[in-house]
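To keep things clear, I will list the structure first and then write my remarks on it.
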Amino acid sequence: MESFLETNLSPEILEGIKKLGFEKPTPIQAETIPVLINNRTDVIGLAQTGTGKTAAFGLPAIELTDSNLLQVQTLILCPTRELCLQITRDLENFAYYVKDLNIAAVYGGANIVAQIQQLKRGCHIVVGTPGRVIDLIKRKALNLASVERVILDEADEMLNMGFIEDIDTILAATPAQKQIWLFSATMPPEIARISQKYMKNPIEIAVGRKNTGAENVQHEYYLVHAKDKYAALKRICDMNPDIYGIIFCRTRQETKEIAENLINDGYNADALHGDLSQAQRDQVMLRFRTHHLQLLVATDVAARGIDVENITHIINYSLPDDPEVYIHRSGRTGRAGRSGISISIIHSKEQGKLRTIENMLKKNILRKPVPTGKQICEKQLFNLIDKVEKVTVIPEVAPYLEVIYKKLQWLDRDELIQHFVSVEFNRFLEYYKNAPDLNIYKESTSKSTPYKKEKTQNSRNLDQQPARSGKKGYAKLKINIGKNHGLKPTKLIGIINDRTRNRDIHFGKIEIDDKFTIFEVSQNHLEEVANALNGITFSGINVYAESLKKK
Ligand code: ADP
Ligand code: MG
Numbered sequence: 020m021e022s023f024l025e026t027n028l029s030p031e032i033l034e035g036i037k038k039l040g041f042e043k044p045t046p047i048q049a050e051t052i053p054v055l056i057n058n059r060t061d062v063i064g065l066a067q068t069g070t071g072k073t074a075a076f077g078l079p080a081i082e083l084t085d086s087n088l089l090q091v092q093t094l095i096l097c098p099t100r101e102l103c104l105q106i107t108r109d110l111e112n113f114a115y116y117v118k119d120l121n122i123a124a125v126y127g128g129a130n131i132v133a134q135i136q137q138l139k140r141g142c143h144i145v146v147g148t149p150g151r152v153i154d155l156i157k158r159k160a161l162n163l164a165s166v167e168r169v170i171l172d173e174a175d176e177m178l179n180m181g182f183i184e185d186i187d188t189i190l191a192a193t194p195a196q197k198q199i200w201l202f203s204a205t206m207p208p209e210i211a212r213i214s215q216k217y218m219k220n221p222i223e224i225a226v227g228r229k230n231t232g233a234e235n236v237q238h239e240y241y242l243v244h245a246k247d248k249y250a251a252l253k254r255i256c257d258m259n260p261d262i263y264g265i266i267f268c269r270t271r272q273e274t275k276e277i278a279e280n281l282i283n284d285g286y287n288a289d290a291l292h293g294d295l296s297q298a299q300r301d302q303v304m305l306r307f308r309t310h311h312l313q314l315l316v317a318t319d320v321a322a323r324g325i326d327v328e329n330i331t332h333i334i335n336y337s338l339p340d341d342p343e344v345y346i347h348r349s350g351r352t353g354r355a356g357r358s359g360i361s362i363s364i365i366h367s368k369e370q371g372k373l374r375t376i377e378n379m380l381k382k383n384i385l386r387k388p389v390p391t392g393k394q395i396c397e398k399q400l401f402n403l404i405d406k407v408e409k410v411t412v413i414p415e416v417a418p419y420l421e422v423i424y425k426k427l428q429w430l431d432r433d434e435l436i437q438h439f440v441s442v443e444f445n446r447f448l449e450y451y452k453n454a455p456d457l458n459i460y461k462e463s464t465s466k467s468t469p470y471k472k473e474k475t476q477n478s479r480n481l482d483q484q485p486a487r488s489g490k491k492g493y494a495k496l497k498i499n500i501g502k503n504h505g506l507k508p509t510k511l512i513g514i515i516n517d518r519t520r521n522r523d524i525h526f527g528k529i530e531i532d533d534k535f536t537i538f539e540v541s542q543n544h545l546e547e548v549a550n551a552l553n554g555i556t557f558s559g560i561n562v563y564a565e566s567l568k569k570k
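Sequential numbering from 20 applies to the sequence shown in the numbering used here.
Structure representation (structure tokens):
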């Protein structure tokens, strides 16, 4: 199908599509729209993430919903609040020129009274998360007696999240003769079961080669020891200063930890997971969408279905158990003809998993060497120079320039450049000075070609000294002294040893920033160490220690 004109959608809807700049239907849209408009049948639509499923069901849903009849005719269920808002926004755009069509978004974590009021005013299409929909049914605020179609979007994810019973309850509240349209990126056995239970002779429309990743995504992996994963992550981020990406973790706990560590280490990162309040999640998503946040650390569930453009990298900090999930993750990048990179940071035992994914992708996943400190420094340096070269000089600086010129008069051009570069760059250089090589050179099962070992100093890096990071049984302390005050790991340990005279205290990761330091100590010595440091004076500073409780 070359044009939406062939779909028989009404002119107002076509106008809306045109305004959005959609030129022709995507394959899933081309397949489903005619079927959904012309047949009163149940449909299962399967297509991978990013293929335009929302319009595939949304356009026919708007077409079939009669705006002269102020009743809920279409009910769309989806797993998360973010998706609910996104679908609603999409539908509103599609229906931009359709007169008097009311679409309500109902989701948990938001004021239910406002949603009840909106429903009372009357609406034609309701987009909701299962829990809130049930709540509203119970409160008799949502009447589903006139529903003609129920659409289950991201059905596989709703099942993963345990919404099956809720869906049961909701479907029971809708008329028997309704249609069910089920859309999903994957077809796990549970979906087949649902379709058997609820759907009548559904037509299954699957588009594209199943289970393969987007065409223009490049897949790469880094092989490191498990203890070096975080350090490798940082290097990958440092090597890509303009990265705009999602870092996928397996659990909420891991998501929190990685985000917390990245933030502490000065990265523009934040976490998205189920333990956050709705307001917090909205805030994080808003910052990410508007590019104020560079790195979103997320669980699969929290990031599911969220459509953000221009993502440059997907980082699998932990590989998912299910290889299909890898494909979804990587499908978040490389959209709309742009290229994207999907990165996995793995340890030796995970190489098998990677092979399974490769088979599914029908693409090679290329092994890349973890960048060395030297490479990162070069990259950052030239990035800085690029910025200096390209920056727009604004007129507002003019009044200050004369004084500044005078002040810097004694430096010649070369010296001046050296000074400017050093201001920004010393910290990086310092950080990566003597950084160890994180690559593993013995490859056992991998079929990709090993690369030559680069000569780097193999001395210990500050951020790994003296024990490995994130160990169980460690607690974190933050103190208000750092590099600027002359603190070094050995000094810190020395002070604590002096004051406590306890040789059993173990230290984990010690990270010394300019003005503060965060370090790990054995959990059972947390109080003792905090007491030992609180109130002492170091380089004229009154030291205080605070414990960084895991949120
Ligand atoms: P899915 O639900 O399959 O993951 P979405 O419905 O979220 O995918 O669509 C992914 C992106 O593609 C969205 O940004 C959407 O606006 C865009 N899109 C959808 N259909 C078209 C089309 N026909 N032409 C161009 N862009 C489209
Ligand atoms: Mg979708």
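Note that CB positions come from ideal geometry on N, CA and C, so glycine has one too. Since we're looking at a predicted model, the values are computed, not measured.
Check	Outcome
Please state whether DSSP places F307 in a helix, a strand or coil.	helix
Just to check, is the beta-carbon of K381 closer than 6 Å to a non-hydrogen atom of ligand 2?	no
Once DSSP output is grouped into helix, strand and coil, what is the label at M20?	coil
Write down the C-beta distance between C103 and T148 rounded to the nearest angstrom, noting that I regard them as a contact closer than 8 Å.	6 Å
Determine the extent of the alpha helix (DSSP H) in which N550 is found, giving its start and end residues.	L545 to L552
In angstroms, rounded to a whole number, what distance separates the CA positions of P207 and P342?	12 Å
Is F447 helix, strand or coil by DSSP?	helix
With 16 other CB atoms within 10 Å as the buried threshold, where does H311 fall?	exposed
According to DSSP, simplified to helix, strand and coil, what is T654?	Shown here, the chain extends from 20 to 570; a query on residue 654 therefore has no answer.
Check I395 in the structure and name its three-state DSSP category.	helix
Rounded to the nearest angstrom, how far is the Cβ of L338 from that of K372, given a contact under 8 Å?	5 Å
Taking only heavy atoms of ligand 1 into account, decide whether any of them is closer than 6 Å to the Cβ of T331.	no
To the nearest angstrom, report how far apart L295 and M180 are at their CA atoms.	16 Å
Does the Cβ of T73 lie closer than 6 Å to at least one heavy atom of ligand 2?	yes
Any heavy atom of ligand 1 inside 6 Å of the beta-carbon of T205?	no
Decide if H238 is buried, meaning its Cβ has at least 16 other Cβ atoms within 10 Å, or exposed.	buried
Determine the direct distance from the alpha carbon of R300 to that of E82, and round the result to whole angstroms.	33 Å
Does the beta carbon of D154 fall short of 6 Å from some heavy atom of ligand 1?	no
Helix, strand or coil for T93, going by three-state DSSP, please let me know.	strand
Please check the pair L448 and L435, which I expect to be a contact at CB under 8 Å, by giving their CB distance rounded to whole angstroms.	L448 to L435, Cβ: 19 Å. No contact.
In this structure, does DSSP put H438 in helix, strand or coil?	helix
If we ignore side chains and look at the alpha-carbon of each, how far apart do L39 and F113 end up?	8 Å
From I222, E34, S22 and E50, pick the residue whose C-alpha is nearest to that of I63; which is it?	I222
Please work out which residues of its chain come closer than 6 Å, Cβ to Cβ, to R306, disregarding the five sequence neighbours upstream and downstream, and give them in chain order.	L312
Output yes or no for whether 7 Å exceeds the beta carbon distance between M177 and I199.	no
According to DSSP, simplified to helix, strand and coil, what is G77?	helix
Please confirm whether any heavy atom of ligand 1 lies closer than 6 Å to the CB of F76.	no
Using a 10 Å radius around the Cβ and a threshold of 16 neighbouring Cβ atoms, would you call S358 buried or exposed?	exposed
Near V562, which residues of its chain fall below 8 Å by C-beta distance, leaving aside the five closest residues on each side in sequence?	I498, N499, I500, L552, N553, G554, I555 and T556
Along the alpha helix (DSSP H) that carries S349, what are the first and last residues, could you check?	P342 to S349
Using CA atoms only, rank isn't needed, just tell me which of E443, A564, L430 and D532 is closest to L496.	A564
Tell me which same chain residues have a C-beta within less than 7 Å of the C-beta of H347, skipping the five on either side of it?	T68 and A204
Hey, which unbroken runs of the alpha helix (DSSP H) at 4 residues or more fall wholly within the stretch 188-274?	208-217 and 248-258
When the Cα atoms are used, what is the spatial distance from E21 to T70?	16 Å
If I'm right that A494 touches V540 with Cβ under 8 Å, what's the distance once you round it to whole angstroms?	6 Å
How big is the Cα-Cα spacing for T475 and K382?	Caution applies to T475, whose pLDDT of 36 falls short of 50 and renders its modelled position unreliable; the model cannot decide the point.
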